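S.K.: Before anything else, here's the structure in question.
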Amino acid sequence: MFRFIPTARLSLRVLIGMAAGGVGAGMSVAALPLAVASLIEASGNSVLRQIQDQGAVEAPALREFIRSREAAAQWRRSARAYTDLALGRVLLTEYEDASRRRENLALAEKALARGLGLAPMDPYGWMRLVQVRTMRGASAAEIAPPLRLALRSGPHEDRRDAMLLLTLEAGLRAWGDLDGSQRRLIADKAREAWRRNARAAAAAAVRAGETERLASLLGF
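Counting from 1 along the sequence shown, just add 107 to a position and that's the residue number in this note's numbering.
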């Protein structure tokens, strides 16, 4: 079973006991899954904050974070929980061998499919799927559909260089499968990426095998 910190374990027992004993109209059977899921998620929130702050997160903490999201998903179907789960698995690949890396990328893609089924207009979820497919060496034909949906489902801020560079690399790979408006968005991303970090933008183009296209988009 999943492990919880002692306080969470005690609180979980209290919640279930209250529901079983019928204590209070507010703690109905229908409300129990939401309360339990929130409690379980709280056990991994400190790790999530570290990730959001771009701090170093070690493998044991990532595994605990993954367990918290897996357990929460058993109590409540939440697009955010599945997206968080995928993020944890993507980050965990940095610590694993090739076999476990492939396994975690496959599990991340499965989690994203579930999350996007619940929130199909989430551009971040679609971009995370682009990332997973790029990491596993997917073809441009596999990368293009989620990239198009990410661009169509709404704007997302590339406050972090990693997300901007991912969008650029994926856009260069899938260029032939994008329409005019999407290509213009990628061109804007190219100029912004070059402005922020020209060397990293060039490296993204090299990985995509599209250095000449990047030069053209930049007007070189």
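Ideal placement from N, C-alpha and C gives every residue a C-beta, glycine not left out. Computed from a predicted model, the values in this text were never measured in an experiment.
#1: Using three-state DSSP, classify R228 as helix, strand or coil.
#2: Mark P167 as exposed unless 16 or more other C-beta atoms lie within 10 angstroms of its C-beta, in which case mark it buried.
#3: Go ahead and pull the three-state DSSP assignment for P113.
#4: Are the Cβ atoms of D191 and L155 separated by less than 8 Å?
#5: Assuming W233 contacts S260 (C-beta within less than 8 Å), just tell me the rounded distance between them.
#6: Taking A305 as the reference, which of L285, Q289, D268 and G283 has the closest Cα?
#7: How would you call A297, buried or exposed, if buried means at least 16 neighbouring beta carbons within 10 angstroms?
#8: In angstroms with no decimal places, state the Cα-to-Cα distance between A311 and L271.
#9: Tell me whether the beta-carbon of I158 lies closer than 8 Å to the beta-carbon of L194.
#10: Buried or exposed, going by whether 16 or more other CB atoms sit within 10 Å of the CB of R303?
#11: Look up R306 in the DSSP assignment and say whether it is helix, strand or coil.
#12: Where do the N-terminal and C-terminal ends of the alpha helix (DSSP H) with W182 fall, by residue?
#13: Compute the distance between the beta-carbons of L279 and A307, then report whether it is under 8 Å.
#14: Which of the three DSSP states, helix, strand or coil, is assigned to L214?
#15: Among A180, E216, Y189 and W301, which residue has its Cα nearest to the Cα of R240?
#16: Pick from R196, M228 and Y189: whose alpha carbon is nearest that of G222?
#17: Kindly give me the distance between the Cβ atoms of D229 and A186, rounded to whole angstroms, as I take these residues to be in contact under 8 Å.
#18: Does A277 come out as helix, strand or coil in the three-state DSSP assignment?
#19: Around the C-beta of F327, are 16 or more other C-beta atoms found within 10 angstroms, so that it is buried, or is it exposed?
#20: Roughly how many whole angstroms lie between the Cα atoms of I293 and S246?
#21: Which word fits Q181, buried or exposed, when buried means at least 16 other C-beta atoms lie within 10 angstroms of its C-beta?
#22: Figure out for me which residue from A300, L198 and N152 has the closest Cα to the Cα of R176.
#23: Between which two residues does the alpha helix (DSSP H) holding A251 run?
M.R.: Reading it off the structure:
#1: The displayed chain sequence assigns Met, not Arg, to residue 228. Coil, per DSSP.
#2: Answer is exposed; the Cβ neighbour count stays below 16.
#3: Confidence at P113 is low in this model, with a pLDDT of 44, below 50, so the placement of that residue should be treated as unreliable; the coordinate-derived value is given next. Reduced to three states, the DSSP call for P113 is helix.
#4: yes
#5: 6 Å
#6: D268
#7: Classification for A297: buried.
#8: Going by the C-alpha atoms only, they are around 10 Å apart.
#9: Taking 8 Å as the Cβ cut-off, I158 and L194 qualify as a contacting pair.
#10: exposed
#11: helix
#12: A166 to W182
#13: no
#14: L214 sits in a helix when the DSSP states are folded into three classes.
#15: Nearest Cα to R240 within the set A180, E216, Y189 and W301: E216.
#16: Of the listed residues, the one whose Cα sits closest to G222 is Y189.
#17: 6 Å
#18: helix
#19: exposed
#20: Distance between the alpha carbons of I293 and S246 is about 18 Å.
#21: exposed
#22: N152
#23: If you look at A251, you'll find it in the alpha helix (DSSP H) that goes A247 to S260.
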